[in-house]
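Numbering (my numbering), first residue to last: 246 to 346. Accompanying notes for the structure given below.
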């Protein structure tokens, strides 16, 4: 019997995302000043460089949802086709949201 993955819906995803203000990557890269703008994008700053990043929330949710349903491990490689260029902060945020290990 296949166990269905525990997947949250978009509204809960947004609710959790609203509570994230900083996140740390697997390689200890810290992302700060994380916030949502216009319910469409997640914006923040890479602490070590001061460089800003922007993640389209629909793309991040679609990555989370599609990869979870498919049983594919969520990592920077699998996130690339969804959030090209901002995989590391995307993964750090998903980890901070307790959606990936």
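We put the beta carbon where it would ideally sit given N, CA and C, even for glycine.
Of the candidates 333, 325, 267 and 290, the residue whose Cα lies closest to the Cα of residue 307 is 325. Annotation for residue 302: the continuous alpha helix (DSSP H) segment containing it runs 302-315. In the three-state scheme derived from DSSP, where H, G and I count as helix and E and B as strand, residue 340 is classed as helix.
The residue among 269, 312 and 285 with its C-alpha nearest the C-alpha of residue 299 is 285.
Look at residue 328 here: in three-state DSSP terms it is helix. Residue 338 counts as buried, since at least 16 other C-beta atoms from the protein chains shown sit within 10 angstroms of its C-beta. Within 10 angstroms of the beta-carbon of residue 260 lie fewer than 16 other beta-carbons, which makes it exposed.
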